[in-house]
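Engineer:
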Amino acid sequence: MTDFSEPPNPQHLATLIRGTSLYLVGLMGSGKSSTGRQLAAALDYRFFDTDQLIEQAAGQSIAQIFATEGEAAFRQLETQVLSQLSAYKRLVVATGGGIVTQQENWGYLRHGLVIWLDPTLETIVNRLQSDPAEIAQRPLLQSPDPVAALAELRDRRSAQYAQADLQVAIGPEQSPAQVVDQILVGIRGVLRPEVTGSTEN
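Each position in the sequence shown, counted from 1, maps to that position plus 106 in the numbering used here.
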């Protein structure tokens, strides 16, 4: 009998999902990049970070793009990068925190499985406050009270994040490796027929 509380063999799961790409969504500081790299390694997938790709294409940091071009220009670049990635399989993609706010992006995200990494607000705040330079790199946290700004972002975007195929609640003590195990278990429970090729009712 299969124990569905235990993480499945990653290679078996990769075969089961037939190379479907995985898109990680969630607030800044939710661990999408660190978790994504380990998830990609476990599945033998390639890993991409949309923010890094945007910075490489623009030759500027995200903060510089916001300052010189504005958020609308950044969102346009973000959609362009996502559209290109959606053409490929066997990817784990860490997305920017606001990627879910553009309805057009959901058409690209649905090319794969969308996974919402959902740490407690306290967990995110602790991560960001442990590295003040990290907050400085986040344009949407440039306010007198970054914690309040983060809470407001969470409230505003939660309904959009909730459109994901899988929500992964993350506690303050969990490592990226433990989150990967949660994701592997969760994917098995939410597989869509078009992902596995199943025709069962």
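Beta carbons are placed, not taken as given, at the ideal position from N, Cα and C, and that holds for glycine. On a predicted model such as this, the values are computed, not experimentally measured, just so you know.
Cutting at 8 angstroms between CB atoms, please list the residues of its own chain near residue 127, excluding the five before and the five after it.
Structural biologist: Closer than 8 angstroms at Cβ, skipping near neighbours: 151, 191, 192, 194, 195, 196, 197, 198, 199, 217, 218, 219.
Engineer: Cα separation between residue 276 and residue 175?
Structural biologist: Approximately 34 angstroms between the Cα atoms of the pair.
Engineer: Is residue 130 near residue 230, with beta carbons less than 9 angstroms apart?
Structural biologist: It is not a contact, given that the beta carbons lie outside the stated cut-off.
Engineer: With 16 other CB atoms within 10 Å as the buried threshold, where does residue 295 fall?
Structural biologist: The residue is exposed, with fewer than 16 neighbouring Cβ atoms inside 10 Å.
Engineer: Output the distance between the C-alpha atoms of residue 262 and residue 122, rounded to the nearest integer angstrom.
Structural biologist: Using only the alpha carbons, I get a separation of about 35 angstroms.
Engineer: Since residue 199 is in the alpha helix (DSSP H), which residue starts that stretch and which ends it?
Structural biologist: Residue 199 -> not in any alpha helix (DSSP H); beta strand (DSSP E) instead, spanning 197 to 200.
Engineer: Between 281, 292, 297, 293, which lies nearest to residue 141 when the distance is taken from Cα to Cα?
Structural biologist: Per the Cα distances, 281.
Engineer: Between the alpha carbons of residue 180 and residue 156, how many angstroms are there, rounded?
Structural biologist: Whole-angstrom Cα-Cα distance: 11 angstroms.
Engineer: Of the choices 208, 235, 184, whose alpha-carbon is the least far from that of residue 265?
Structural biologist: Closest option to residue 265, Cα to Cα, is 208.
Engineer: Going by C-alpha distance, which of 251, 201, 274, 143 is nearest residue 134?
Structural biologist: When only C-alpha atoms are compared, the closest one is 201.
Engineer: Confirm, please, whether the CB-CB distance from residue 113 to residue 286 is below 9 angstroms.
Structural biologist: Their beta carbons are under 9 angstroms apart, which means residue 286 touches residue 113 by this criterion.
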